[in-house]
Each structure stands twice: as C-alpha cells, then as structure tokens.
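Chains as they are written, first to last, in full-length UniProt numbering: chain A, 1 to 372; chain B, 1 to 372.
Below you'll find the structure, written out as structure tokens, and then a few comments.
Protein chains: 2
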Amino acid sequence: MAKLTIRDIAALSGLSKSTVSLVLNNSPKVDPATRRHVLAVIRRHNYVPSFAATALAKGSTRLIGMIVPGLSWHMVASINIGVAAVTERTGFDIILYTATNDRDYGPLIDRILTSSMSSGLLVVSHEQPLEPLVQLHQDGMPVVLVNTIGSEVALPSVTADNYEGALTAMDHLLQLGHERIACMQGRMEYRCCQDRYRGYLDALRSAGIQPDPELTKPGDFVPDQIKARSRELFAMPADERPTAVFAHSDVTAYAVMTAASEAGLRVPEDVSVIGFDDIESAAQIRPPLTTIQQPFVEMGKRAADLLLTAIRANDENANHENANENSGELNRERVSPDPVRLSMPTSLIVRASCGPVPVTRSRRGRSQTTKA
Amino acid sequence: MAKLTIRDIAALSGLSKSTVSLVLNNSPKVDPATRRHVLAVIRRHNYVPSFAATALAKGSTRLIGMIVPGLSWHMVASINIGVAAVTERTGFDIILYTATNDRDYGPLIDRILTSSMSSGLLVVSHEQPLEPLVQLHQDGMPVVLVNTIGSEVALPSVTADNYEGALTAMDHLLQLGHERIACMQGRMEYRCCQDRYRGYLDALRSAGIQPDPELTKPGDFVPDQIKARSRELFAMPADERPTAVFAHSDVTAYAVMTAASEAGLRVPEDVSVIGFDDIESAAQIRPPLTTIQQPFVEMGKRAADLLLTAIRANDENANHENANENSGELNRERVSPDPVRLSMPTSLIVRASCGPVPVTRSRRGRSQTTKA
DNA sequence: CTGAAAGCGCTTACAG
DNA sequence: CTGAAAGCGCTTACAG
C-alpha cells in the first residue's frame with residue numbers, strides 16, 4: 001500500500017488533479033455532484049494529502065509552535081490542555097519546543113522563524129529573554145504569551161489577574177481577623193510575583209494596616225530557602241509572630257506548612273496559610289490547602305484563540321497583498337496597535353488551611369507594626 | 001527581508017543550487033573551501049532551508065509525533081523533558097498530540113500516518129486502544145510506547161519495572177516489621193498496576209505471609225473512593241487493622257494519609273504509608289512521603305533513542321531499497337523480530353511516612369490472616 | 001568537485 | 001464547472 005497521491009485520487013475518480021485539489025480546499029466552484037464523488041473516493045481510499053507538499057504549495061504550515069519551559073510545571077500541563085482543546089478542532093497541530101531554562105533559545109527562535117515551520121507561536125516561559133520574540137512579531141509572525149509577562153513587552157498575552165488574586169487571598173485572611181500577615185514571596189523577577197506582592201501590600205493598606213517589612217520574606221520558589229525564612233517567621237515572639245502567611249505559590253505554601261509543623265505550630269489553629277495556583281495535590285495534602293486558583297486551562301484556550309485569529313488575519317492579508325500594493329504600510333499598521341492583554345480572573349478555593357485568628361491574638365492592635 | 005531561498009544563497013555565493021544543497025546535506029564530495037564559503041554565506045544571511053520543501057523533497061520530515069494523554073500528569077512532563085533532551089541535539093522536533101481520553105484517536109492516527117507528517121511516533125498513554133498503533137508499526141512507521149503497556153502488544157516499549165518497584169516498597173515495609181500490609185490499588189486495567197499488585201503479593205508470600213484479601217482495596221486513582229476504602233481499613237479493630245499501606249501512586253497515598261488522619265491515626269506512628277511515582281510534591285507534604293521513584297526523564301531519553309534509531313534504520317533501508325529489489329521481504333523481516341522492551345529500574349526514596357510497626361502490634365503473628 | 005534537470009505532491013491563476 | 005501548466009523550495013541522480 002504505497003502512499004496515495006492526489007494524482008491517484010484524480011485517476012481513481014476520473015478527474016484532474018486540479019479538481020481534486022479544489023474539493024480538498026472546499027472551493028465553492030466545484031460541482032456538488034463531483035465534489036461528493038471525489039470525497040467518496042478520498043474516503044474510500046483513506047487519502048490524506050501530504051503535509052509537506054501542502055505546506056510548500058500553500059506557503060504556510062498548519063502548525064503552531066509552542067515554547068514551554070521544562071514541562072515540570074503543573075501550569076504548563078493545564079495550559080496545554082486548553083490549547084489542545086481549541087487546536088484539535090481547527091486542523092492545526094502543535095509543535096512543541098521545550099526550552100530548558102539553561103539554554104539560550106535565540107537559535108531556537110531563529111530556526112522556528114526562518115524554516116517557516118510554524119505559522120504562529122505560543123510562548124509559556126518565565127525565564128527567557130523576550131526580545132527575540134518581539135522581533136519575530138514585528139516581522140509578522142503571530143506570537144502570544146501565556147502566563148508570561150516580561151516587563152512591558154509589546155506582545156499580546158494572556159495571564160491570570162495576579163493582583164486581583166492576591167487581593168482576594170488577603171481579603172479572605174483579613175476577614176478571618178488576621179492582621180499580622182506575612183508574605184512568602186516567589187521569584188520577584190517575575191511579573192506575576194510582583195503583582196501578587198502589590199496585591200498583598202495594597203490589601204493591607206486598604207484595611208488600614210501598615211505593612212511590616214519584617215513580615216515579607218524572599219522565598220524564590222526554592223523549598224529550602226522557604227523553610228529557612230519560615231523558621232525566622234515562626235521563631236518570633238508569640239505576639240509578633242504572623243498569624244497567617246500568604247504564599248506566592250502552592251508549593252511555597254507546602255514548605256511554609258512544613259516549617260510551621262516543625263516549629264510546633266498547627267495549621268490553621270496557630271497559623272493560617274494560603275497558597276496560589278491550586279495545583280492538583282492542593283486538595284490532597286494535610287490540611288487541604290486554601291488557595292487562589294489560576295484558570296490555566298481557560299488561559300490556554302484563550303491564548304490559542306488569540307493566536308488562531310492572528311494567523312487567520314495574516315492569511316487574509318497575504319491574500320489581499322497582491323491586489324493592494326501598499327501592503328508595506330498595512331503590515332506596519334497591523335503590528336503597531338496596542339497588543340491585546342487578557343487578564344483572566346482567579347478564584348478563591350476555600351479549604352482548610354486558613355482559620356480565624358487565634359483568640360489570644362485577636363484585637364491586639366490595628367497595625368502590623370504594633371509590638372507588644 | 002523576504003525569506004531567502006536556496007537560489008538566493010546560490011547566487012550570493014556564486015554557485016549552483018545543487019552545490020549549496022550538497023553542503024547543506026554534508027556531502028563529502030564538496031570541496032572544503034567552497035563548503036566553507038557557502039557556510040559563511042549561509043551564516044551571514046541567517047539562511048534556514050524551508051522545512052516544507054526539504055520534507056517534500058526528502059520524503060521525510062524531521063518531526064517525531066508524541067501522543068500524550070492530557071498533560072495533567074507529572075509523568076508526562078518528566079518524560080517530555082527526557083525526550084526533548086535527546087531530540088534537541090538531533091534536529092528533530094516533536095509534534096505533540098494531546099489525546100484527551102474521551103476522544104477516539106483512530107482518526108488522529110490516520111492523519112498522522114498518511115499525511116506523513118512525522119517520521120516516528122512516541123506514545124504515552126494508558127487509556128487508548130493500541131491496535132491502530134500496531135497496524136501503523138507494521139506498515140513501517142517507527143513507534144515506541146513509553147510507560148504504556150497494553151496487554152502484550154508487539155511494540156517496542158520502555159517502562160519502569162513496576163514489579164520490582166513494588167517488591168522494593170514491600171521489602172522496606174517488611175523490614176520495618178510490618179506484616180499486616182494493605183494495598184490500595186490503582187486502575188487494575190493498567191498493566192503497571194497489575195505488576196505492582198503482583199509485586200505486593202509476591203513480596204508478602206516470600207516473607208511467609210499469606211495475603212489477606214480484606215487488605216486489598218480498589219482505589220482506581222479516584223481520591224474519594226480511595227478515602228472511602230481507606231476508612232474501611234482504618235475502621236477495623238485495632239488488632240486487625242493494617243499497620244502499613246502500599247499505595248499504587250503518590251496521589252493515592254495522599255488520600256490514604258488524609259483518611260488516616262481523619263480516623264485519628266498518625267502517620268507513620270500508627271500507620272505507615274508508601275507511595276509510587278515520586279511526584280514533585282511528595283517531598284513537600286506532611287509527612288514527606290516515602291515512595292518508589294519512577295525514572296521518567298530517563299525513560300523519555302531511552303524512548304527517544306529507541307525511536308531515533310528506528311527512524312534512521314528506516315531511512316537506511318529506504319536508501320538501499322532501490323538497489324535491492326526484494327525489499328518487500330526485507331520489510332517484513334524488519335518488523336517481525338521481538339520488539340525491544342526496556343524495563344527501567346526504580347528507586348526507593350525514603351522519607352518520613354513509613355516507620356517501624358507500632359510496638360503494641362509487632363509480633364502479633366506470622367500471617368496477615370491471623371486474627372486476634 | 002560542480003551544474004543542469006527532473007521530480008517530490010500539492011495549489012493556483014489562467015483558459016476554456 | 002473543469003483541466004493544463006507553472007510554481008512552491010528543496011534533493012538527487014546524471015553528466016561533465
């Protein structure tokens with residue numbers, strides 16, 4: 001069973017390659033009857049056009065590149081599910097570039113671009129320099145960032161609303177009566193962590209509480225450091241010690257809880273801990289973690305939608321380009337408008353790691369800086 | 001900056017397309033000096049051959065397909081890291097097919113095969129029917145299964161040695177003095193779970209302990225069911241109750257621990273729990289989980305190696321086919337030898353969720369079936 | 001060692 | 001509505 005070509009199908013159905021190609025491309029100018037006939041032949045012989053030939057002739061692949069950091073993150077997995085959900089009903093396939101963080105991905109980008117292997121790029125990354133992507137985008141390749149915001153690059157993106165999420169987390173704690181609330185930070189180079197920290201600070205302030213610098217600790221997403229910093233927190237005199245901690249990620253929260261338990265503190269009786277992410281195990285650990293859920297699957301979907309739209313716009317443009325010869329300007333215009341930035345709402349998932357402020361500790365004072 | 005073609009490079013370097021193509025393909029018959037020259041031009045202009053054109057002309061893409069279940073599993077993430085590590089230095093890219101479990105992937109396979117989009121297939125899946133893959137493989141497409149063993153399909157595969165892993169887990173428990181050891185099973189349709197269960201049974205028997213059917217519970221990887229079954233276990237009279245449980249996955253172990261704690265039992269003082277997988281959070285939960293580590297990254301690497309080897313063999317074969325016209329028979333022979341099955345060793349990761357059998361319970365009897 | 005030519009399997013104006 | 005022809009950007013015998 002040698003692979004069938006369009007020529008075979010043409011012969012088999014007594015028509016020309018052109019006609020077969022037209023039905024393949026849903027051209028309206030083909031007679032309904034012959035179209036049915038051709039389709040039948042195609043189906044009967046299980047013919048699928050050569051991917052490479054189609055790509056070459058059309059000048060565009062139906063592939064979208066997806067650059068991800070090492071897949072170890074729950075996030076990436078969920079995002080991919082969302083992306084796959086939309087691409088799978090569009091005929092696009094996704095080609096995966098795993099950018100190990102220690103590798104410079106400049107060359108990778110070059111290859112992606114110039115080999116014209118993909119017609120668009122989805123980028124999930126925190127670590128990588130974004131400039132090459134901006135360049136790419138300016139050269140006309142659709143690019144969208146998912147859950148990645150480098151400073152203020154001019155690229156479309158979809159993220160969770162980290163600021164609002166932090167606010168929500170803090171409100172939960174505040175409503176439980178907590179006032180001395182610590183913040184265990186993630187990597188502050190990440191925009192998402194900066195936003196979470198801003199939320200932390202603002203929530204405190206609008207509750208009339210002056211943030212205590214002593215209560216902000218750099219955890220950097222490394223478990224050992226988080227534990228060490230937590231120990232400092234929990235070693236404070238009982239009346240200075242935070243009664244709650246807002247952790248910048250679930251895994252960070254785990255480490256905080258471990259440290260708490262090692263310090264002989266119970267969660268949530270002695271100290272409340274709230275996370276961020278809502279990874280799979282958050283419901284499974286003891287106590288089940290109260291956390292802010294990021295809508296990764298949804299984010300993946302929206303990002304894919306955005307990208308597909310851009311790709312289609314690109315195609316349209318390419319079509320009109322011949323008719324309309326001032327395309328150079330069109331091009332420039334297409335790129336410059338402010339990129340869309342989608343910010344998806346998070347949700348508070350209440351489980352058991354946060355409780356009311358310990359009675360002996362409540363009403364101690366109005367400010368975090370109040371000392372005994 | 002319109003995209004450069006090989007024709008441009010040829011012009012730019014004052015040579016023919018043929019020659020440029022030869023240097024692109026590392027042909028030895030090109031003069032070293034001209035090769036250097038061409039390479040310089042290529043580099044200077046940042047030329048990358050068109051992916052589609054190359055694929056069409058060569059009749060093979062440098063793409064390997066990877067079919068994965070929804071990426072929600074830690075496993076897939078790690079496997080992918082291994083795969084990426086090997087593909088990234090071979091010029092192969094990987095195209096990702098996310099097979100949502102509720103979708104029949106027959107059509108997907110068809111498309112992959114006939115569009116000749118990928119030159120090989122890596123499959124990570126537990127749920128999907130394997131027959132289409134066997135067919136594919138027989139038609140000459142390299143396929144390797146990672147961590148997937150349907151019954152005894154004739155496909156190359158790499159898995160963890162689940163049986164040996166279970167033995168190791170059980171030995172650890174046995175050495176701690178446990179004798180009434182429960183087994184919280186995963187999905188018994190999966191070969192991996194069957195192997196783990198066989199290991200459980202055999203370990204018990206070779207320790208001279210008769211397995212007690214009461215102590216085997218179907219958990220099916222669903223948290224609520226696991227908790228319910230665990231409750232049954234922990235509700236047993238103190239001297240019948242298991243002192244340890246072997247869980248078929250880490251997440252299963254989490255649920256068991258939750259149930260234990262809800263039943264007022266401490267881990268590991270009152271009951272030891274051992275998991276399987278070693279997912280990221282296993283070190284973070286309380287108590288840190290003792291578990292069997294599956295070498296996913298390594299498995300990904302080996303699988304990729306296997307696949308690449310098969311792809312290359314395929315290419316060679318294609319080259320010789322013209323010279324040697326009885327290729328039909330060759331083909332058949334190439335497929336029939338027993339597929340290689342790699343079984344990778346697991347490791348015991350000792351953390352804190354397993355301890356010695358409670359003193360009041362030790363030496364109660366030699367057999368699990370002993371009742372008070 | 002290098003070049004001219006045919007071909008990979010499609011698509012797309014252009015005729016008819 | 002359908003077909004003949006040129007072209008997409010490479011590779012690969014085949015000459016020289």
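For every residue, glycine included, the Cβ atom is placed at its ideal position computed from N, Cα and C.
Remember, it's a predicted structure, so these values are computed and weren't measured experimentally.
In the DSSP assignment, what residue or residues form a beta bridge with residue i?
i: Asp277/B; result: Gln293/B
i: Ile349/A; result: Thr291/A
i: Cys192/A; result: According to DSSP, Cys192/A bridges with nothing at all.
i: Lys217/A; result: Met184/A
i: Ile94/B; result: Leu96/A, Ile64/B
i: Ala263/B; result: Paired residues: none, contrary to the question.
i: Phe246/B; result: Cys183/B, Ile274/B
i: residue 395/A; result: What the structure shows of chain A is the stretch from 1 to 372, and residue 395/A is not part of that stretch, so it cannot be assessed.
i: Gly120/B; result: Ile64/B
i: Pro69/A; result: Ala99/A
i: Leu342/A; result: Val158/A
Alpha carbon to alpha carbon, how far is residue i from residue j?
i: Val359/B; j: Pro242/B; result: 14 Å
i: Ser281/B; j: Asp8/B; result: 54 Å
i: Asp315/B; j: Gly59/B; result: 10 Å
i: Arg286/B; j: Arg231/B; result: 19 Å
i: Ser118/A; j: Thr61/A; result: 6 Å
i: Gly70/A; j: Lys227/B; result: 33 Å
i: Val267/A; j: Val357/A; result: 11 Å
i: Pro129/A; j: Met299/A; result: 22 Å
i: Ile277/B; j: Ala255/B; result: Correcting the residue type first, residue 277/B is Asp in the shown sequence and not Ile. Using only the alpha carbons, I get a separation of about 15 Å.
i: Gly82/B; j: Val297/B; result: 4 Å
i: Ile181/A; j: Gly355/A; result: 13 Å
i: Thr87/A; j: Tyr97/B; result: 10 Å
i: Met344/B; j: Pro237/B; result: 40 Å
i: Thr216/A; j: Gln225/A; result: 13 Å
i: Ala11/B; j: Asp139/A; result: 24 Å
i: Gly328/A; j: Leu133/A; result: For Gly328/A, the predicted structure reports a pLDDT of 39, less than 50, and the residue's modelled location is therefore unreliable. The matter cannot be settled from this model.
i: Pro213/B; j: Phe234/B; result: 15 Å
i: Glu84/A; j: Met75/B; result: Residue 84/A is actually Ala in this sequence, not Glu. About 18 Å.
i: Ala99/A; j: Tyr190/A; result: 17 Å
i: Leu348/A; j: Gln294/A; result: 9 Å
i: Gly264/A; j: Gly275/A; result: 20 Å
i: Ala313/A; j: Met141/A; result: 11 Å
i: Ile6/B; j: Lys17/B; result: 6 Å
i: Ile209/A; j: Ile279/B; result: 39 Å
i: Glu240/A; j: Asp338/A; result: 47 Å
i: Ser13/A; j: Gln135/B; result: 27 Å
i: Arg302/B; j: Val350/B; result: 26 Å
i: Ser261/A; j: Glu269/A; result: 11 Å
i: Ile42/B; j: Gln194/B; result: 55 Å
Output yes or no for whether 8 Å exceeds the beta carbon distance between residue i and residue j.
i: His45/A; j: Leu15/A; result: no
i: Val273/A; j: Ser353/A; result: yes
i: Arg346/B; j: Thr168/B; result: What sits at residue 346/B in the sequence shown is Thr, not Arg. Yes, Cβ-Cβ distance for Thr346/B and Thr168/B is below 8 Å.
i: Cys183/B; j: Phe246/B; result: yes
i: Val153/A; j: Ile67/A; result: no
i: Val340/B; j: Leu306/B; result: yes
i: Gly219/A; j: His178/A; result: no
i: Tyr163/A; j: Gly199/A; result: yes
i: Gly91/B; j: Ile292/B; result: no
i: Leu121/A; j: Val143/A; result: yes
i: Ile94/A; j: Ile95/B; result: yes
i: Thr159/B; j: Gln284/A; result: no
i: Val271/A; j: Ala244/A; result: yes
i: Ala77/A; j: Ala77/B; result: yes
i: Thr19/B; j: Val48/B; result: no
Please indicate yes or no: does the CB of residue i lie closer than 7 Å to some heavy atom of the ligand NAD?
i: Thr148/B; result: Absence of the ligand NAD is noted for the structure shown, with no ligands found whatsoever.
Does the contact criterion of 3 or more C-beta pairs under 8 Å hold for the region 7-27 of chain A versus the region 17-34 of chain B? no
Within the chosen definition, does the region 42-54 of chain B reach the region 39-56 of chain A through at least 3 CB pairs nearer than 8 Å? yes
To test your reading of the DSSP string, which unbroken alpha helix (DSSP H) runs of 4 or more residues are found completely within the UniProt domain "HTH lacI-type" (4-58) of chain A? 6-13, 17-24, 32-45, 51-58
Any contact between the region 158-178 of chain B and the region 198-213 of chain B? By contact I mean 3 or more CB pairs, one from each, below 8 Å. Yes, since at least three Cβ pairs between the region 158-178 of chain B and the region 198-213 of chain B fall closer than 8 Å, the two stretches touch.
Of all the beta strand (DSSP E) runs that stay within the bounds of the region 122-183 of chain A, which reach a length of 3 or more residues? 143-146, 157-160
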